[in-house]
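Student: Count along the sequence shown from 1, add 11, and you get the number used in my numbering. Dropping a structure here in structure tokens format, bear with me for questions.
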Amino acid sequence: MEPALTQPKPFCIIKNLHILFHGKPVLQDINLTLTDCGITVLVGASGSGKTTFLRALNRLNEYYPGYSASGQIELALSGTMENIYQTDLQVTELRRRVGMVFQSPNVLPVSIAQNINLPLKLVTGLDRKKREERLVEVLQEVHLWNEVKDRLKTKASHLSGGQQQRLCLARVLALQPKILLLDEPTASLDFKASGRIEELLLELQHRYRIIAVSHSLRQARRIAGQILVMKEGRIEHLLKKDQFENSEMLQQLLEEFL
Ligand SMILES: Nc1ncnc2c1ncn2[C@@H]1O[C@H](COP(=O)(O)OP(=O)(O)O)[C@@H](O)[C@H]1O
Ligand SMILES: [Mg+2]
12 MEPALTQPKP
22 FCIIKNLHIL
32 FHGKPVLQDI
42 NLTLTDCGIT
52 VLVGASGSGK
62 TTFLRALNRL
72 NEYYPGYSAS
82 GQIELALSGT
92 MENIYQTDLQ
102 VTELRRRVGM
112 VFQSPNVLPV
122 SIAQNINLPL
132 KLVTGLDRKK
142 REERLVEVLQ
152 EVHLWNEVKD
162 RLKTKASHLS
172 GGQQQRLCLA
182 RVLALQPKIL
192 LLDEPTASLD
202 FKASGRIEEL
212 LLELQHRYRI
222 IAVSHSLRQA
232 RRIAGQILVM
242 KEGRIEHLLK
252 KDQFENSEML
262 QQLLEEFL
């Protein structure tokens, strides 16, 4: 067989990661290398540590009382891999490059336009004209532009749940992240709105590295390039597409873990 011309590139290397809250282990002994092969989807029972895992990647756990951790995380944030705990990067810059979208849309209590404009102004220092250009670009990128272009000044909270979640995604994309973390981004949405987000993620995977928690193995199977299975704070499996396309194996996982 011909050797592959290009090896998939690692973009996340985790070594001996342990995270505790008030001395209680929440993530244990995580050793993992993620390479570019589509969306990485994280599944596991409630309380298994999925959200904590995502928050480790942009150092969001540090906000919570009782947090302690050991180990190392390297991410591809520029041309090279950087240790996120030792880099010269400010935490705010790390969080810009590793953007996060949460389970329920958390739009800001301002207009649709200001939801994009305010964070852009605060973080990037772009001038007004550039910010307006970026606003149009990202609203187009999440396929929201045609739906909102005539009412950019109305409150974002008046949008439907699915539109709000796409706006939250646009707000993160406006800051030009390298990695996107999505914590059950469709959990609060109906079937149709979830489907639109799934389609969008399948497009975005070509431009961003995406790690998404999913509450549904079916959804994971539809969108994932690889699936991480968490159990009690540990990564039990890293499944590649040829493994989880086998429905028997998936069924077994369903019974075992979820
Ligand atoms: N900020 C925190 N303070 C204390 N305990 C936490 C905190 N965050 C998570 N935990 C605990 O860690 C475990 C895993 O939580 P989480 O990562 O939210 O799991 P999942 O997202 O898989 O449901 C739970 O037992 C939860 O109570
Ligand atoms: Mg969670």
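Where a beta carbon is used, it is the ideal one built from N, C-alpha and C, also for glycine.
Straight-line CA distance for Thr91 to Glu85?
Tutor: Those two C-alpha atoms are separated by around 9 Å.
Student: Is the stretch 167 to 185 touching the stretch 145 to 155 in the sense that three or more CB pairs, one from each, lie closer than 8 Å?
Tutor: At 8 Å Cβ cutoff, the stretches touch.
Student: Quickly, what does DSSP pair Arg142 with across the bridge? List them, please.
Tutor: DSSP lists no partner for Arg142.
Student: Determine the direct distance from the alpha carbon of Lys189 to that of Asn157, and round the result to whole angstroms.
Tutor: Answer to the nearest angstrom: the Cα atoms are 26 Å apart.
Student: Using a Cβ-Cβ cut-off of 8 Å (strictly less than) and excluding sequence neighbours within five positions of Thr103, which residues of its own chain qualify?
Tutor: Only Val134 meet the Cβ criterion.
Student: Quick check on the contact list: which residues have their beta carbon closer than 5 Å to a heavy atom of ligand 3?
Tutor: Looking for ligand 3 in the displayed structure turns up nothing; the ligands present are ligand 1 and ligand 2.
Student: Going by DSSP in three states, Ile95 sits in which element: helix, strand or coil?
Tutor: Correct three-state label for Ile95: coil.
Student: Do the stretch 31 to 39 and the stretch 205 to 219 meet, that is, are 3 or more Cβ pairs less than 8 Å apart?
Tutor: Short answer: they don't touch.
Student: Do the CB positions of Ser122 and Lys160 come within less than 8 Å of each other?
Tutor: No, Cβ-Cβ distance for Ser122 and Lys160 is not below 8 Å.
Student: Using CA atoms only, rank isn't needed, just tell me which of His33, Leu137, Gln114 is closest to Ser225.
Tutor: Here the closest residue by C-alpha is Gln114.
Student: Measuring CB to CB, does Gly110 end up less than 8 Å from Leu192?
Tutor: In contact: Gly110 and Leu192 (Cβ atoms closer than 8 Å).
Student: On the premise that Glu195 lies in contact with Cys233, defined as a C-beta separation below 8 Å, what is that separation, rounded to the nearest angstrom?
Tutor: One point to set straight first is that residue 233 is Arg, not Cys, in the sequence displayed. 15 Å between Cβ atoms; not a contact.
Student: Please report the distance separating the alpha-carbon of Ala56 from that of Leu228.
Tutor: Their Cα atoms are separated by approximately 11 Å.
Student: Can you give me the start and stop residues for the beta strand (DSSP E) that Arg108 sits inside?
Tutor: It is not in any beta strand (DSSP E) - Arg108 instead sits in the alpha helix (DSSP H) that spans 102 to 108.
Student: If we require 4 or more residues per run, which alpha helix (DSSP H) segments fall completely within the stretch 32 to 63?
Tutor: None, since the stretch 32 to 63 contains no complete alpha helix (DSSP H) of that length.
Student: Taking buried to mean at least 16 other C-beta atoms within 10 Å of its own C-beta, is Phe22 buried or exposed?
Tutor: Under this definition Phe22 is a buried residue.
Student: Taking its Cβ as the centre, do 16 or more other Cβ atoms sit within 10 Å of Pro76, making it buried, or is it exposed?
Tutor: Pro76 is exposed by the Cβ-count criterion.
Student: Taking only the alpha-carbon atoms, compute the straight-line gap between Ile127 and Glu259 and give it to the nearest angstrom.
Tutor: Their backbone Cα atoms lie some 44 Å apart in a straight line.
Student: Using alpha carbons as the reference points, say which of Asn257, Leu250, Gln263 lies closest to Gly49.
Tutor: Measuring from the Cα of Gly49, the nearest candidate turns out to be Leu250.
Student: On the three-state DSSP scale, how would you describe Asn126?
Tutor: The answer is helix: DSSP assigns Asn126 an H, G or I state.
Student: Run the CB neighbour count on Gln18, radius 10 Å, all protein chains shown included, and call it buried at 16 or more, exposed below.
Tutor: Exposed.
Student: Using a threshold of 7 Å, is the CB atom of Val224 nearer than that to any non-hydrogen atom of ligand 2?
Tutor: Indeed, a heavy atom of ligand 2 lies less than 7 Å from the Cβ.
Student: Is DSSP giving Lys251 helix, strand or coil here?
Tutor: Note: Lys251 maps to strand in three-state DSSP.
Student: Quick one: give me the first and last residue of the alpha helix (DSSP H) that Arg229 is part of.
Tutor: Where Arg229 is concerned, the enclosing alpha helix (DSSP H) stretches over 228 to 234.
Student: Among Lys140, Leu105, Ile221, which one has its Cα closest to the Cα of Ser89?
Tutor: Of the listed residues, the one whose Cα sits closest to Ser89 is Leu105.
Student: Please state the DSSP three-state secondary structure of Val112.
Tutor: Note: Val112 maps to strand in three-state DSSP.
Student: Closer than 7 Å by C-beta to Leu45: which residues in its own chain qualify, once you throw out the five before and the five after it? Chain order, please.
Tutor: So the list reads Pro21, Phe22, Cys23, Thr51, once near-sequence residues are dropped.
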